[in-house]
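Taking it in order: structure first as structure tokens, then the write-up.
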Amino acid sequence: MQSHYRRVIMMKSIACRTLTIFLAIISVAALSGCADGKRSRSSMDASRLLRGEPGTLPKFDIPIEVNDRVIAWVEYFQGAGRKRFQLYLERSGRYIPMMRQILKEEGLPQDLVYISLIESGFSPHAYSRAHAAGLWQFIRSTGKMYGLSSDDWVDERRDPYKATRAAARLFRDLYKDYGDWYLAMVGYNAGPGRVKKAISITGSKNFWVMADDRNALRAETRDYVPKFIAAAIIAKMPEKFGFTNIEYHAPLDFDTYLLDSQTDLNVIAKCSNSDIEEIRWLNPHLVGGVTPPSGPTEIRIPKGTSESFGEKYAAIPREERVRIVHHIVKKGDTLSKIAKRYKVSINAVAVANNINRHGHLKRGMTLTIPVKGSVAAAAVAANDSSSSKSSSSTKKMSFHVVRAGETAGAIASKHGVTVSQLKSWNNLNKKAMVRAGQKLKLYVDVRTASSESPASSSPRQSGNASVGVHIVARGDTLGAIASKYGTSVKNLMEINGIDDPSKLRAGQKLSLASRAVSKEVPSSSPSETFAAESVQDVEPSASIPSVASITQNDSSNSESFFTYTIKPGETLGGIANRHKVSTSDLMKWNSIKNPRTLRAGTKIKIKGSSSPVYVGVAKSAPPKQIVVASASPAPEAMAHPTEEKLEVAELTPDLVYNVKSGDTLWGIARMHRVSIADIQRWNNLGDPSSVKPGTKLTIRKN
9 MQSHYRRVIM
19 MKSIACRTLT
29 IFLAIISVAA
39 LSGCADGKRS
49 RSSMDASRLL
59 RGEPGTLPKF
69 DIPIEVNDRV
79 IAWVEYFQGA
89 GRKRFQLYLE
99 RSGRYIPMMR
109 QILKEEGLPQ
119 DLVYISLIES
129 GFSPHAYSRA
139 HAAGLWQFIR
149 STGKMYGLSS
159 DDWVDERRDP
169 YKATRAAARL
179 FRDLYKDYGD
189 WYLAMVGYNA
199 GPGRVKKAIS
209 ITGSKNFWVM
219 ADDRNALRAE
229 TRDYVPKFIA
239 AAIIAKMPEK
249 FGFTNIEYHA
259 PLDFDTYLLD
269 SQTDLNVIAK
279 CSNSDIEEIR
289 WLNPHLVGGV
299 TPPSGPTEIR
309 IPKGTSESFG
319 EKYAAIPREE
329 RVRIVHHIVK
339 KGDTLSKIAK
349 RYKVSINAVA
359 VANNINRHGH
369 LKRGMTLTIP
379 VKGSVAAAAV
389 AANDSSSSKS
399 SSSTKKMSFH
409 VVRAGETAGA
419 IASKHGVTVS
429 QLKSWNNLNK
439 KAMVRAGQKL
449 KLYVDVRTAS
459 SESPASSSPR
469 QSGNASVGVH
479 IVARGDTLGA
489 IASKYGTSVK
499 NLMEINGIDD
509 PSKLRAGQKL
519 SLASRAVSKE
529 VPSSSPSETF
539 AAESVQDVEP
549 SASIPSVASI
559 TQNDSSNSES
569 FFTYTIKPGE
579 TLGGIANRHK
589 VSTSDLMKWN
599 SIKNPRTLRA
609 GTKIKIKGSS
619 SPVYVGVAKS
629 APPKQIVVAS
639 ASPAPEAMAH
649 PTEEKLEVAE
659 LTPDLVYNVK
669 SGDTLWGIAR
679 MHRVSIADIQ
689 RWNNLGDPSS
699 VKPGTKLTIR
709 KN
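Okay, so the sequence shown: first residue is 9 according to our numbering, each after it adds one.
Next up, the structure:
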């Protein structure tokens, strides 16, 4: 009896446990079903759409097969990858028309354009960890096989036209080998060797069979074909997958121009009235920031600008067409080889990069090459000047706040240092990117030379045939002429009936509308790199203030204060010069500690008459002869060119100047419109290095 009860109890216990397990299984299944139901309604929509009735999908010129792998990629592009995919679709408008035309010419399916979508997102600037570059992501060896060259100046893998032509020919060869577009894609992604190995492992030439075998293909290649199919389907009917309001980029359209000498992209941008970014998108293959030094180079410029570009470009002297060049050190590079390649001296490269001429170069190091017109070249010229007896060098720490769109290379170029130095000073990794708003520390070389450089000692040719007339010389611009005669571009255009300043011709006579004569002034090519605080950013083409911007406080007393409203482009030194007061007085009267904090619209007090001294233009009386300092902008940064101008101080007899931290003799000489040799003579300076912060220098009137 007891054994019977034991059996009953045991059976009940087993039944309970079985029921519990069964209920748990049902619960898990139910929860799983709920989760699947919640996971993605769009997943169900995509599945229904892709597996719907025949004719649901758009037409393709490549066989398209839809399965779970393809649907998974469609769901990804609709979900986590949506933002990027939208960007890729927008970029596609720029390149697809050109790509389709080339594929058609090569006799290939035009839907291969979507390979570029999954390879680079239609970006010619794309660069992978495997060192593949451009719209079609060629590695160097494969690119070379199909005629794409790459060096420090030009990387044809990034040229949209040449790379598309090469990709078409590669696909044609792969299809010829395998007779199947999916296997051709596998060969494009992983190489022909991988296709042969996969066929050997699986015994099949069917991609989907290969994709099911992990030993046959790596994960990226197993996903390559389904990813292509998913991207192509969405790209052909984006609205049905939720991609609306796509702002497609305009198709590539441009003029071409054959340059006869090496030219900086910034110069090309200026001559074509465009910006550096547009020139880079049109010419992504020009990776050095300049055209190659050997032979003519065809460039692409905005549509409709070739005629005006030619006129402006021809007016620029050859030596002014290149602003700065960078060289990335490769295996086997030496200073001697690099100097020989760029046709400069070993010492010039060493000085420009603050390195020992006998030192070892590190692979990947970026060097500034002192080509004509660059900040580095100016520093070298000052250092190597034949008239120089001695020189010294100090380091000045300054800071640069990164602006939106700026790169480390552009910032380094602007301040005359190398990218390696910039990253080292700020503890940045080699591959680290700078961010907008980031504050970077810089140690800028402040050099002093014992005598003036040839650039500052030789007078500039005036080009005047007679008083009040300027004959335009080759390379002249209205801005330079206006600066020379102390007037504005607008004023020159009005006087001479000029509608388009870009159409200035050599030999053309310009009326200056007065009998003012400009004294010969030194050509002020920068020969030093200044600390950031010694340079003030200004708007280009500062104009003479209008009477409306000046308010008279007391007309009866010429020595009383009046209020002046600063206009865009004006500097404190320029205002002081016009009103016959000193910059230091202006700063004292207005409690100004840093002139760079002043902005257009700021009101300042000025002592004396409210009538400024107009240079070059007068209605009631001829103006006095005034020496106008030439304020040539520093060489422009590669990414975001800015125009910079040094403050000009009032010239007074025996002015005493108190040397500040970061000052150089060259900078002080330029500020006061005198030569370095004059300052040395007036102050009995035998050794320029004796000039330290706090030193008082006598500045005399010429």
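Just so you know, even glycine gets a beta-carbon here, dropped at the ideal spot from N, CA and C.
None of these values were measured; they are calculated from a predicted model.
Query raised in the report: Since E375 and T342 are thought to touch, with beta carbons under 8 Å apart, how far apart are those beta carbons, to the nearest angstrom?
Result: Here residue 375 turns out to be Leu, not Glu, going by the sequence shown. L375 to T342, Cβ: 12 Å. No contact.
Query raised in the report: From Y572 to E286, what distance separates their C-alpha atoms?
Result: 40 Å
Query - Limits of the beta strand (DSSP E) - the one that V477 falls within - result: V477 to I479
Requested in this report: With DSSP as the reference, label A608 as helix, strand or coil.
Outcome: coil
Query raised in the report: DSSP puts E306 in a beta bridge; with which residues?
Result: L266
Report task. Flag this pair as touching only if the segment 264 to 273 and the segment 245 to 254 have three or more C-beta atom pairs under 8 Å; answer yes or no. Result -> no
Query raised in the report: Among the residues of its own chain, which have a CB less than 6 Å from the CB of Y123, if the five just before and after it don't count?
Result: Sequence check: residue 123 is Ile here, not Tyr. Excluding residues within five positions, none has a Cβ falling inside 6 Å.
Requested in this report: Measure the C-alpha to C-alpha separation of E98 and R92 and round it to an integer number of angstroms.
Outcome: 10 Å
Query raised in the report: Mapping DSSP to helix, strand and coil, what is T706?
Result: strand
Query raised in the report: Under three-state DSSP, which class holds K498?
Result: helix
Query raised in the report: For V477, is the classification buried or exposed, using 16 other Cβ atoms within 10 angstroms of its Cβ as the cut-off for buried?
Result: exposed
Query raised in the report: Buried or exposed: K170, going by 16 or more other Cβ atoms within 10 Å of its Cβ?
Result: buried
Query raised in the report: When the Cα of R102 is compared with those of Y451, L143 and I489, which residue comes out closest?
Result: L143
Query raised in the report: Assuming A134 and Q118 make a contact with CB atoms under 8 Å, what is their CB distance in whole Å?
Result: In fact, because the Cβ distance is near 21 Å, the residues do not count as touching under 8 Å.
Requested in this report: Check whether the segment 145 to 161 touches the segment 172 to 179, counting contact only when three or more Cβ pairs, one atom from each stretch, lie closer than 8 Å.
Outcome: yes
Query - Close-in-space but distant-in-sequence residues of the same chain around I126 (CB under 7 Å, 5 per side omitted) - result: K235, F236 and A239
Query raised in the report: By Cβ distance, which residues of its chain are closer than 7 Å to W81, with the 5 residues on each side in sequence left out?
Result: P234, K235 and A238
Query raised in the report: What's the gap between the Cα of I346 and the Cα of R166?
Result: 25 Å
Requested in this report: For my contact list, W597 and K613 are in at a C-beta cut-off of 8 Å; report their separation, rounded to the angstrom.
Outcome: 5 Å
Requested in this report: Could you check if M107 is buried or exposed, using at least 16 other CB atoms within 10 Å of its CB as the buried criterion?
Outcome: buried
Query raised in the report: Which one of Q270, R371, G303 and V409 has the shortest CA to CA distance from P325?
Result: Q270
Requested in this report: State the start and end residues of the unbroken beta strand (DSSP E) segment that holds T376.
Outcome: T374 to I377
Query raised in the report: Do you know how far the Cα of H334 is from the Cα of S344?
Result: 16 Å
Query raised in the report: Should S208 go down as buried or exposed, given a rule of 16 or more other Cβ atoms within 10 Å for buried?
Result: exposed
Query raised in the report: Using the beta-carbon count (16 or more within 10 Å), is T610 buried or exposed?
Result: exposed
Query raised in the report: What do you reckon, are the CB atoms on L273 and V298 nearer than 8 Å?
Result: yes
**Report entry** Beta-carbon contacts of Y321 that lie in its chain and below 7 Å, excluding the five residues immediately before and after
**Finding:** C279
Query raised in the report: On the three-state DSSP scale, how would you describe F179?
Result: helix
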